[in-house]
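Chains as they are written, first to last, in our numbering: chain A, 1 to 136; chain B, 137 to 942. Ideal placement from N, C-alpha and C gives every residue a C-beta, glycine not left out.
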């Protein structure tokens, strides 16, 4: 990956959350490669159809038709995405939710609401391979 | 003359010896009556003796169970240091509780037997209160006390490993510094080491006292000594302090356990004499019955001897006056009477004359048969009574071991039909709100389609003896169903010939009715009822227990469900609030920070307010969630190895950010560079510092905020000091309570009032403590002391927290 401008995929059904992410990533950080899915239908086909393999994949958890865990499973079962950085981005951040995400094999968590001041720092650490489990 | 003789021979014997024979007949009738009465007395006495034996057996059983429970309890305290608390718990605690439960059951039984038995007139039982007291204390206190002690032991055991390790560590420190020394402090140290080890092994108070003396001696010696520099001296004295503290902690826990155990022994001492006295009473009563039986037998014997003598006299008279045939008959009669008297109850006289000698012989034989059947009946009754008691015991035992009401009643009815050889048995339970008796279970070895009785309901006012027994709260018997107006015939039970219904009572409360039916007439005698009524009551007690148990289960399940619903609600609420906050916080930030174009100062100011309020809402959500979890016992911790340097490094960065906007507030940090690795929940520990820090920033308009962190032997002390508005002494307790803030003169209301209670909970969950030093306008210092935990200690804390969360 290009350390300065990573290739990001974000799957999110909440329109406002998508706009927030777009602002943070494209406008404020100035990263060009941000793909956004509004749902998880035909998920793997659409992922494979992306121009390149994403460096970081942010997944909403409560989403249909496949929830975050199912998407994680699909990604992890394909060799290309076995070692991808897959971060849960969800408002379900009770401690048992976090444990469940860890057990399922997510690489990390950025809980909602996203905090603008620290998001760039979190993203940097994630790109450096740190496991981030951030609950605001 | 020949004619005369012939005429004499044909004369009725009555005319010949009318007077003599009349006397003989009367005496025989009298003797039969005496014998019958005597045997009746014997009968009653035997019943009494049997009841006394049953009382005695129960009293002994109660004693034995109590002793067993005592031994198990003692063994628990002896064995747990050797085999570990978990194993000791399963080996000794469970059986001990079961035994104590048995004591209660048996003593309840005992009470019923003793009350129903007329021969037991012990003063203990007349003093009913005392017996009730014994029952209830055995039931409640023994189990509670014992479990309390076990809990203490567990705590101690848990703490003990840590305490002992600390103690040994401290002893080692002393030894290391002092061992090459030959002065006074060395000798004191030796004494201290010996008594400390003695105390660790025995836990005895005497060892503790020796330890204290040795510690004081050593202290004096060290203080007076000139061999050490100040630092070593301080270390030595600190170590001594800790030894004193730890040994006192161990002693306290030991003595609490001992106190509880003493209470248990007291209770046993109280119950033992009562049951011993009961055994003596029962012994006396059995002895009295035995003597009564002896006496009666004497009377019967004497009467029989009377018969024999009368017959011999008659024979002498007759032999001189009568011809050979009469004489022979009389002699036979005499011999048979003697045989009978010797105990051969099969002996019968063979007299075949038509005259009164024949009548006499027949009467005599009749008397012998009556006597024989009377004695046989008596034996049968004794056997039957013994069998009934055994069955009753079996049913009670069964009832005592089954707690599930759905299993209990079918089992009871089945046992009743089998044991008493009945056509049908069933249980109806009384529902007070609808005033009905509802069929619960029935059994029959013969009748079919009993399942059609399921759901059968009888109103308490209905015809029939089931409702009658419930209404009148007394036993109702139908000896012959064909001739009874009150009998209600059920289709599935065509062969019922006799029936009894027994009310099942607990105290004055009707629990239900036991309905028993037989396919013969007159099946239920008074003797049966004497066995069945206590049995019905015992089943009632068991049903009541099972009902209470089921109710408790139900409310436990309901509480669990309520908890589950509550946490689900919390999770939903959190989710539903966080999603819109994502938009609110970020869009206000984008505009305020100029990401979407230029904004003027007023706009920045307004948006900052909106943004700040959003952040406040977020912290409120977090605090409410935390506090609700704490209160519901749902707070869970993730204990792992943590690096305090890293956490405090991050806190320092946050502190800089927080004070950035307050130009009149300066920040000072004084944090040790190599704080130790310890264990804890990283997120919660960060939350502790963040809470204290944000409080300091909030309440300080100008001045200095200082963050200190220093290692102190096995603890780390953190301080957040500010020069802000301060807290009045009377408010310093209050601030650690939910939703309470100290009064302050800051114009806006800041903070949720939840932060400090949560912080305190987190600190204490990690085994630490938090306290505040402050006064109005003098600034505030929050102190947090966290122990440095080993992996093992962390595990113990984790186990404790898990247990709390469940």
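Please report the straight-line C-alpha distance between residue 861 of chain B and residue 834 of chain B, rounded to a whole angstrom. So the two alpha carbons sit approximately 10 Å from each other.
For residue 755 of chain B and residue 712 of chain B, the rounded distance between their alpha carbons: 15 Å
Can you pull the DSSP bridge partners for residue 920 of chain B? B:854 and B:906
Under 8 Å between C-beta atoms, does residue 11 of chain A make it to chain B? no
DSSP-derived helix/strand/coil call for residue 742 of chain B: helix
Under a three-way DSSP split, which group does residue 576 of chain B fall into? In the structure shown, residue 576 of chain B sits in a strand (DSSP, three-state: E or B).
At which residues does the alpha helix (DSSP H) containing residue 97 of chain A begin and terminate? If you look at residue 97 of chain A, you'll find it in the alpha helix (DSSP H) that goes 95-104.
Which whole-angstrom value describes the C-beta separation of residue 679 of chain B and residue 648 of chain B, a residue pair presumed to lie in contact below a C-beta threshold of 8 Å? Contact between residue 679 of chain B and residue 648 of chain B holds, since their C-beta atoms are separated by about 7 Å, short of 8 Å.
Own chain, CB closer than 7 Å to residue 717 of chain B, minus 5 neighbours either side, in chain order: 750, 753 and 754
Residue environment, residue 873 of chain B, which counts as buried when at least 16 other CB atoms sit within 10 Å: exposed
Straight-line CA distance for residue 589 of chain B to residue 618 of chain B? 22 Å
Hey, how far is the Cα of residue 905 of chain B from the Cα of residue 897 of chain B? 9 Å
If you draw a straight line from the C-alpha of residue 622 of chain B to the C-alpha of residue 245 of chain B, how long is it? Residue 622 of chain B and residue 245 of chain B: Cα-Cα distance of roughly 33 Å.
Taking only the alpha-carbon atoms, compute the straight-line gap between residue 43 of chain A and residue 71 of chain A and give it to the nearest angstrom. 7 Å
Just to confirm the assignment: which complete alpha helix (DSSP H) runs, minimum length 4, are found wholly within the segment 11-82 of chain A? 15-22, 43-48 and 68-76
Within 8 Å of any Cβ in chain B, is that where the Cβ of residue 25 of chain A sits? no
Any 3 or more C-beta pairs closer than 8 Å across the segment 558-566 of chain B and the segment 642-658 of chain B: yes
Per DSSP, what kind of secondary structure is residue 622 of chain B in: helix, strand or coil? coil
Can you pull the chain A neighbours of residue 722 of chain B, defined as C-beta to C-beta under 8 Å? 20, 23, 24, 113, 114 and 116
Beta strand (DSSP E) containing residue 614 of chain B: first to last residue? 612-614
Mind pulling the chain A residues with CB within less than 9 Å of residue 710 of chain B? 91, 92, 93 and 94
Alpha-carbon spacing of residue 594 of chain B relative to residue 584 of chain B, whole angstroms: 21 Å
Distance check for residue 867 of chain B and residue 911 of chain B, CA to CA, integer angstroms please. Taking the CA atoms as reference points, residue 911 of chain B sits about 10 Å from residue 867 of chain B.
Ordered along the chain, which non-local residues of its own chain (more than five positions away) have a Cβ less than 6 Å from that of residue 58 of chain A? 10, 87 and 89
Pairwise C-alpha distance: residue 556 of chain B and residue 667 of chain B: 11 Å
Kindly list the residues whose CB is nearer than 7 Å to the CB of residue 727 of chain B, restricted to its own chain and excluding five residues on each side of it in sequence; keep chain order. Listed in chain order, the non-local C-beta contacts of residue 727 of chain B below 7 Å within the same chain comprise 735 and 743, local neighbours out to five positions each way being set aside.
Neighbourhood of residue 804 of chain B by C-beta, 8 Å cutoff - its chain only, sequence neighbours within 5 removed: 840, 841, 842 and 843
4 or more residues per run - each alpha helix (DSSP H) lying fully within the segment 766-814 of chain B: 780-796
Would you call the CB atoms of residue 686 of chain B and residue 94 of chain A closer than 8 Å? no
Counting beta carbon pairs with one atom in the segment 21-35 of chain A and one in the segment 109-128 of chain A, are three or more of them shorter than 8 Å? yes
According to DSSP, residues forming a beta bridge with residue 640 of chain B: Under DSSP, residue 640 of chain B shares a beta bridge with B:648.
If you run the structure through DSSP and keep just helix, strand and coil, what is residue 756 of chain B? helix
Contact residues within the segment 620-638 of chain B, judged by C-beta distance below 8 Å to chain A: none
Looking at the structure shown, is residue 679 of chain B part of a helix, part of a strand, or coil, going by DSSP? Residue 679 of chain B falls in the helix class under three-state DSSP.
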